[in-house]
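Some notes on the structure that comes next.
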Amino acid sequence: MEEKKVLFDVKNLKMYFPARGGKLVKAVDDVSFKIYEGETFGVVGESGCGKTTVGRTILGVYEQTSGEIIYRGKNTADFKAEDKMAFSKNCQMIFQDPAACLDPRMSIGTIVSEGLTVHYRNMSKAEREERVNQVLAYVGLTSDYASRFSHELSGGQRQRIGIARALAIEPGFIVCDEPIAALDVSIQAQVVNLLTRLQKELGLTYMFISHDLSMVRHISDRIAVMYLGSLVELGDNKSIYGNPMHPYTRALFSAIPEPDPYHSWLKSRVHLQGEIPSPINAPAGCKFCTRCPQATEQCKLEPPALREIESGHFVACHQIQPVNA
Amino acid sequence: MARYIIKRILYMFLVLFIVVSTTFIMIHSIPGDPLTATVENLPEATRLNYYARYGLDKPLMVQLFRFWKLFLTEGSLGESLKYPGRMAEEFIVKYAPISFQLGIWGLVIGVSLGMMLGINAALHKNKLPDYFGTFVALLGTCIPAFVLAALVQYFFTVKHKWFPTAGWGGAIYFVLPVLCMTLSPVATYCRYMKSTVLDVINQDYILTAESKGLPRGLIIWRHVLRNTLMPIVTMLAPSVAGLLGGSFIIESMFAIPGLGTYFVKAINSRDYTMVVAMNFLFTATYVFSLLVVDLLYLVIDPRVRLEAKQNRRAVASNVPNEN
Amino acid sequence: MSPMKTDWINDTEGLTPEMFVTVGVDESKDRVLRPHISYWQDAFRRFKKNKLAVFGAILLVILMLLVIFGPIMAKHSFEETNIAESYHPMDKDYWFGADKLGRDYFARVWQGGRVSIIIGVSGAFICAFVGCIYGGIASYFGGRIDSFMMRIVEILSSIPYLLVVILLSLWLDAKGIKTLLLAMCLTGWTGIARLVRSQMITLRQSDYVLAAKLLGVKPLKIVTSHLIPNTIGLIIVNITFRVPSLIFSEAFLSFLGLGIQSPETSWGALCSAAQTVFTFKPHLMFFPALCIALTMLAFTLMGDGLRDALDPRQRK
Amino acid sequence: MSEHLLEVKDLAVSFSSYAGKIRAVRGVSFHLDAGETLAIVGESGCGKTVTVKALMKLYGNSAAFIEEGSSILFKNEEVVTMDRKQLSKLRGEGIGMIFQDPMTSLNPTLTVGYQIAEGIRFHDKSVSKEEAYKRAAELLALVGIPSPEERIKQYPHQLSGGMRQRVMIAIAIACDADIIICDEPTTALDVTIQAQVLELLNELKEKTNKAFILVTHDLGIVFDFADRIQVMYAGVILERGTKYELFDEPHHPYTWALLNSVPSKQSQRKGTLYSIQGTPPDLMMDIKGCPFADRCVYCMPICKERMPEETPLSETHSVCCWLEHSMAPKVKAPAAGGEE
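Protein chains in written order, with the working numbering: chain L, 975 to 1299; chain Y, 24 to 346; chain W, 11 to 326; chain S, 1493 to 1832.
This is the structure:
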């Protein structure tokens, strides 16, 4: 396999938000990972694990508390104005709620061409229209839609418009933030098929954030598992799903409902006690130690580092030792 | 919790201080003074004498300081400029109870009547009670209090001599003024209560209550009304302020010796002390009603209670919603 | 199990083989069927459906026409005094009769209406303008500036506005439209400032504004293309409700003698003057009072209709 | 007379809206016996929630009504014609319900204990306040909430989502209802919490002889929880059967789509998922023929003309599809999760 090109290199990213009473919500707490060009990088975790914040922070929606985000070898903190423009042209986002991500007062055509007016200033009106129609065709909609308003569309159609808006300026990287969570089962499949098709045709890189573990398994090349702001496990699809090592990952994956009457996932799952602590009062050591069946004194005191256990498979757990160590 | 309450009380005093000081400064910087407002061609010496007596010759800030010092040490609001030798608080003690009685009766009757009409309208949407509520609410918003007062006076005191025209005596003098004062709160609260009840009725927990088999009356009493109180309570403080203003007209039309009539008189005669004193009273009433509303929240809504307990101030959190 | 016809699968009566050819999904069917309407068209359609609101709008138009043309139509000027015609009864010459000084009451009522409506409308627009800018600035900068600006609003709104009016009229040593307007607007804008601020904050956190930011759209462009269009409906509704409340306040202040001074007049001033002779000449009170009531009614009904038409929560 | 605990016949429910009548449920018949679990599966807007709410005439403030000709027999008593008093008894004592969103389904201004106890006290007037709260605490313990004595004094916002859903379950079983309706009970919950809540429901199922109706869009949780499944679409039942029958030999193209649009362990990564084109029909319209016809890849001209009748395939399995007809082409179900 040839050397993969690194698109994003995220190092020790921390994103804290001020909370009531002078406390801090540690939404993302010391997370490092790389995203390679052309891959789908899946991020999974339960609510409050910081997966959305990670996605938004690397796109520059929030200014990180600390840590570095290196985009194509350049630190985003050192970006000049033209770098920022190039970055925003190249890195886009798809949102969870298709109803909320479209301005109700704008026609679909205006929404889709919004980015064109910024990044393709020289385009004539006719060219812009043509581009809008072309992008709409990409996502499987006719040019009739350009003059419509979002309230006239169904949920699945709106999500396609959200995708078309991002695609219009020909980005290379798209953060998909729970793009299917608000959709019906049959529509989910439509959107996921569209995303995989577009990736093949346009060579896109995705960061696919979702709590739907079976969809992430379906679409991702590499997967990061997050728990309470920390990255607990990172690896390629096969090793994460085939050989989950972190106790949380194991519990999480065993709780994926399997549509199979002959095999009860419910009974065979790894049982987890208790619930996720609030990110304001997260445990000092390993974030998972309050619920982990294997937790020791060390886990309570010391946060585990993310170590490479197998080639390309990283786990943050004191109890798991590298294979060839 | 105690810290929260103390904080709110301190804040109340701060607002009161700022508002009263501002009005003090504003009114003392008005061109013209009490003396020239009443007597013309006054000898200069008399004028300066008069100023010296009331300390009006001092710089504004000194006057302000003296005012607060007097209030804090002796609880006095100063000597009336128009009635020498009489203190402002004497007037307040004498006339305020009448105004407050009128205001409180108007508010209590208006709010409760309005709420009842509103609830009924919401529970019988698109039926007779709903139309009736809408009609009353429209009537209340469209007819100014002074027009109603004039009509009421005409019909009940001139045409049919059922009530005394004006003045102040027993309970009978009370009826018409209070009636006129209730109209506006009835309308406001009827409208507001209707929309709030409709909001609450569509909440999921009402469905939960229904699924337990509870009868409609119990659901309305226990689940609907309790949750409509929050927004209604929020409106009370502005209502108190509105009624105080409204009582001015009613008092003057029914010749009731309340503070309202006095206020206008005091202003026209440039009686600074009286104006500041009365403004003090009005602002204090308003700010105090804001405090009461805040404390009522504590009683009604356990969420606010919990926050107060943990002594947190509401800060808009910008943590993204994760789902 | 309920009994079912099991022979249904073999019942071929009336069926032809052509009916059983697989045709699959007709792709062209996946199109929007609903009629194509923009946001404002939709709002207008909704407004038209509300009969009461349409009634309010028509009523308002009639009142406006009367206010504009009433003083012209009258046979006498509203200022022209004629003691000989004091309390002239209603007849062909004096349609609404005459007042104590023999001035044509018809002309005075509509002239008063001009003043009342000018105060209401311009006051509402001034309040909206100031409030929008203030609320917009507070929400745009956020943080400390925002909370400081909102504290000021809080304190300003705890000053009874009656006091402000009185103080101002004394301070400026003038009673009249300008003083009234200034006084009512001095504290009147706080409500809309709060409204605009909270709406802007909500909008700024919305996904579509975030999407625009990520597309690299400049902040000012976001304000003009997303924030303002999505707040405008709210502001329109607020203005519609503020107009009658200002007319009401004006009437109230004029009634107390703090407002418009003779020979200029307003509906409130007319009511105030008529109050003393109410028992003998009730019509002098009736006309201006009715005008106030009808104007209030028109604006309230229209405001209700506009709110229902423009409120995005009601959209389906 | 019916030998079943619950027997529903030709149930049709409509809403009146300003734009016209929305026919949400269009003639649904099914039954339920004590101790068994029935799942109603379908996408949003298919009428599954409306159907189960109709079982206790629970519409809240919406303008829904049951059409004439519908019949719901609960223990041989007609629910459709019940008056308020009978309904009060039915709700809580006969049928209990768990709602989708535990964050909004509990009254924020009342304590958890009160909300459990009020149902108990209303249905059994002889229970004192103390006893009712004691029972509430016992119920909380039963649904797996630690230190129940303290929890009953707490307000809903002090509990996490999973805890609140447990409280909802306690409320539903407080008066010993015969049927527990679970309306999307885990949709709003995280995966690990979902498993905990489902396990609790499974425990309750095993411990008691209650009948359960599970309403969900998630096929994953259906197979582990239900005995029988019925698939709903646009207000009608398209296919029904035991979970084994539906999993092994689904007959309706819509069932195929539902089963295959979710990627499974076996499905090929990044392959095309089996998807359905288009969107469900507008329920305001009259639907001639099969409601799924417009989106069905096997659609035939007859499908758009006439609604197919229910074809029994076994004692428990039946399907409504023209493909079953002797004149229709023989179609094989697509393989799970593969490429089309």
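Cβ atoms here follow ideal geometry from the backbone N, Cα and C, with glycine treated the same way.
(message) Looking at chain S, is there any beta carbon in it that lies within less than 9 Å of the beta carbon of L/Asn1255?
(response) Residue mapping note: residue 1255 of chain L aligns to position 281 of the first sequence, counting from 1. No, L/Asn1255 does not count as interfacial toward chain S.
(message) Starting from S/Thr1803, trace the beta strand (DSSP E) in both directions and tell me its first and last residue.
(response) Here residue 1803 of chain S refers to the residue found at position 311 when the fourth sequence is read from its first residue. That run of the beta strand (DSSP E) goes 1802-1804.
(request) With DSSP collapsed to three states, give me the class of S/Gly1611. (result) Your numbering for residue 1611 of chain S matches position 119 in the fourth sequence. When DSSP states are grouped into helix, strand and coil, S/Gly1611 belongs to the helix group.
(request) Report the residue ranges of all alpha helix (DSSP H) runs contained in full by the region 1628-1709 of chain S; include only those spanning at least 4 residues, in chain order. (result) 1640-1643, 1653-1665, 1683-1699
(request) Answer yes or no: does any C-beta atom of chain W fall closer than 9 Å to that of L/Met1059? (result) Against the first sequence, residue 1059 of chain L aligns to sequence position 85. Yes, L/Met1059 counts as interfacial toward chain W.
(message) Below 8 Å, how does it come out for the region 265-282 of chain W and the region 204-221 of chain W: are there three or more Cβ pairs, yes or no?
(response) no
(message) Could you tell me the alpha carbon to alpha carbon distance between L/Arg1134 and L/Met1219, rounded to whole angstroms?
(response) Counting from 1 along the first sequence, the entry for residue 1134 of chain L is found at position 160. Counting from 1 along the first sequence, the entry for residue 1219 of chain L is found at position 245. Answer to the nearest angstrom: the Cα atoms are 36 Å apart.
(message) 9 Å is my cut-off, CB to CB: does Y/Ser234 come that close to chain S?
(response) Taking the first residue of the second sequence as 1, we reach residue 234 of chain Y at position 211. By this cut-off, Y/Ser234 is an interface position.
(request) Give the C-beta separation of S/Leu1524 and S/Ile1564 to the nearest angstrom, bearing in mind that I take them to be a contact with Cβ-Cβ under 8 Å. (result) Translated into positions along the fourth sequence, residue 1524 of chain S becomes position 32. Translated into positions along the fourth sequence, residue 1564 of chain S becomes position 72. In fact, because the Cβ distance is near 11 Å, the residues do not count as touching under 8 Å.
(message) Can you check whether the C-beta of S/Asn1599 is within less than 9 Å of a C-beta belonging to chain Y?
(response) What you label residue 1599 of chain S is simply residue 107 of the fourth sequence in a count that begins at 1. S/Asn1599 counts as touching chain Y.
(request) Please classify W/Thr305: does DSSP put it in a helix, a strand, or coil? (result) For this step, residue 305 of chain W is matched to residue 295 along the third sequence. Helix at W/Thr305.
(request) Express the C-alpha separation of L/Arg1171 and L/Ala1111 in angstroms, rounding to a whole number. (result) In the first sequence, counting from the first residue as 1, residue 1111 of chain L sits at position 137. In the first sequence, counting from the first residue as 1, residue 1171 of chain L sits at position 197. Their Cα atoms are separated by approximately 13 Å.
(message) Between which residues of its own chain and L/Val1086 is the CB-CB distance below 8 Å, once the five residues before and five after are set aside?
(response) Looking up residue 1086 of chain L in the first sequence gives position 112. Closer than 8 Å at Cβ, skipping near neighbours: Val1106, Val1109, Leu1110, Ala1120, Ile1135, Ala1138, Arg1139, Ala1142.
(request) Please list the partners that Y/Ile50 has in chain W, where partner means a Cβ-to-Cβ separation under 7 Å. (result) The residue given as residue 50 of chain Y occupies position 27 in the second sequence. The contact set of Y/Ile50 on chain W, defined by CB atoms closer than 7 Å, consists of Leu177 in chain order.
(message) Tell me the DSSP secondary structure of W/Asp101 in three-state form.
(response) Taking the first residue of the third sequence as 1, we reach residue 101 of chain W at position 91. Looking at W/Asp101 - three-state DSSP - the assignment turns out to be coil, as it is neither helix nor strand.
(request) Check each residue of the region 285-300 of chain W: if its Cβ is closer than 8 Å to any Cβ of chain Y, include it; give the result in chain order. (result) Gln285, Phe288, Thr289, Pro292, Met295, Ala299
(request) Could you tell me which chain W residues have their CB closer than 9 Å to the CB of Y/Val315, listed as they occur along the chain? (result) Numbered from its first residue, the second sequence carries residue 315 of chain Y at position 292. By Cβ distance, chain W contributes nothing, its closest Cβ being about 14 Å from Y/Val315, past 9 Å.
(request) Following the continuous beta strand (DSSP E) through L/Gln1066, name the residue where it begins and the one where it ends. (result) The sequence position of residue 1066 of chain L within the first sequence is 92, counting from 1. Its beta strand (DSSP E) spans residues 1065-1068.
(message) Restricting to Cα atoms, I'd like to know which of L/Ile1044, L/Met1080, L/His1093 is closest to L/Glu1056.
(response) As a working note, residue 1056 of chain L is residue 82 in the first sequence. For L/Glu1056, the nearest C-alpha among the options comes from L/His1093.
(message) Whole angstroms are fine: how far does the CA of L/Val984 sit from the CA of L/Lys1000?
(response) For this step, residue 1000 of chain L is matched to residue 26 along the first sequence. For this step, residue 984 of chain L is matched to residue 10 along the first sequence. Looking at the two C-alpha atoms, the distance is approximately 17 Å.
(request) Could you check the C-alpha separation between W/Thr275 and W/Val125 for me, to the nearest Å? (result) Counting from 1 along the third sequence, the entry for residue 275 of chain W is found at position 265. Counting from 1 along the third sequence, the entry for residue 125 of chain W is found at position 115. About 7 Å.
(request) Measure the C-alpha to C-alpha separation of S/Ser1580 and W/Leu205 and round it to an integer number of angstroms. (result) Stepping through the fourth sequence from its first residue, residue 1580 of chain S is reached at position 88. Stepping through the third sequence from its first residue, residue 205 of chain W is reached at position 195. Looking at the two C-alpha atoms, the distance is approximately 43 Å.
(message) Taking 8 Å as the cut-off, does the region 1792-1801 of chain S touch the region 1194-1205 of chain L (at least 3 CB pairs, one atom from each stretch)?
(response) For the pair of segments examined, the region 1194-1205 of chain L was found not to touch the region 1792-1801 of chain S: the number of CB pairs separated by less than 8 Å stays below three.
(message) 9 Å is my cut-off, CB to CB: does L/Pro1078 come that close to chain W?
(response) Locating residue 1078 of chain L in the first sequence gives position 104, where the first residue counts as 1. Closer than 9 Å to some Cβ of chain W, the Cβ of L/Pro1078 qualifies, so yes.
(message) Counting only Cβ-Cβ distances shorter than 8 Å, please list the residues of the region 1779-1795 of chain S near chain W, keeping chain order.
(response) Asp1786, Arg1787, Cys1788, Val1789, Tyr1790, Cys1791, Met1792, Pro1793, Ile1794
(message) Please report the distance separating the alpha-carbon of W/Leu180 from that of Y/Met301.
(response) Here residue 180 of chain W is taken as the residue at index 170 of the third sequence, counted from 1. Here residue 301 of chain Y is taken as the residue at index 278 of the second sequence, counted from 1. Rounded to whole angstroms, W/Leu180 to Y/Met301 spans 17 Å at the Cα level.
(message) In the DSSP output, what is S/Asp1525 paired with across the bridge?
(response) Against the fourth sequence, residue 1525 of chain S aligns to sequence position 33. Beta-bridge pairing links S/Asp1525 to no other residue.
(message) In whole angstroms, give me the CA-to-CA distance for W/Lys59 and S/Thr1684.
(response) Stepping through the third sequence from its first residue, residue 59 of chain W is reached at position 49. Stepping through the fourth sequence from its first residue, residue 1684 of chain S is reached at position 192. So the two alpha carbons sit approximately 49 Å from each other.
(message) By the 7 Å beta-carbon criterion, what residues does the region 1091-1114 of chain L contribute toward chain W?
(response) Val1092, His1093
(message) If you measure between the beta carbons of Y/Ala264 and W/Cys281, is that distance less than 9 Å?
(response) Indexing the second sequence from 1 puts residue 264 of chain Y at position 241. Indexing the third sequence from 1 puts residue 281 of chain W at position 271. In this structure, W/Cys281 does not lie closer than 9 Å to Y/Ala264 by Cβ.
(request) For L/Lys1063, return the contacting residues in chain W, with the cut-off set at a CB-CB distance below 8 Å. (result) Counted from its first residue, the first sequence places residue 1063 of chain L at position 89. What L/Lys1063 touches in chain W: Gly226.
(request) Take L/Leu1228 and list the residues in its own chain whose beta-carbon comes closer than 6 Å to its own, dropping the five residues that flank it on each side. (result) Start at 1 with the first residue of the first sequence, and residue 1228 of chain L comes out as number 254. Rather than Leu, the amino acid found at residue 1228 of chain L in this sequence is Ser. Result list for L/Ser1228: Arg1243, Val1244, in chain order.
(request) Output yes if chain S places a C-beta closer than 9 Å to the C-beta of Y/Thr157; else output no. (result) Locating residue 157 of chain Y in the second sequence gives position 134, where the first residue counts as 1. No, Y/Thr157 lies away from the interface with chain S (no Cβ there is under 9 Å from its Cβ).
(request) Would you mind working out which of S/Ala1511, S/Ala1526, S/Glu1560, S/Val1505 sits nearest S/Arg1720, comparing C-alpha positions? (result) Taking the fourth sequence and counting its residues from 1, one reaches residue 1720 of chain S at position 228. Between S/Arg1720 and the set S/Ala1511, S/Ala1526, S/Glu1560, S/Val1505, the nearest pair of CA atoms involves S/Ala1526.
(message) Given a cut-off of 9 Å on the beta-carbon distance, is the pair W/Ser235 and W/Ala222 in contact?
(response) Walking along the third sequence from the start, residue 235 of chain W turns up at place 225. Walking along the third sequence from the start, residue 222 of chain W turns up at place 212. Yes, they are a contact pair.
(request) Return helix, strand or coil for Y/Val43, following the three-state DSSP convention. (result) As a first step, residue 43 of chain Y must be located in the second sequence, where it is residue number 20. DSSP places Y/Val43 in helix when its eight states are reduced to three.
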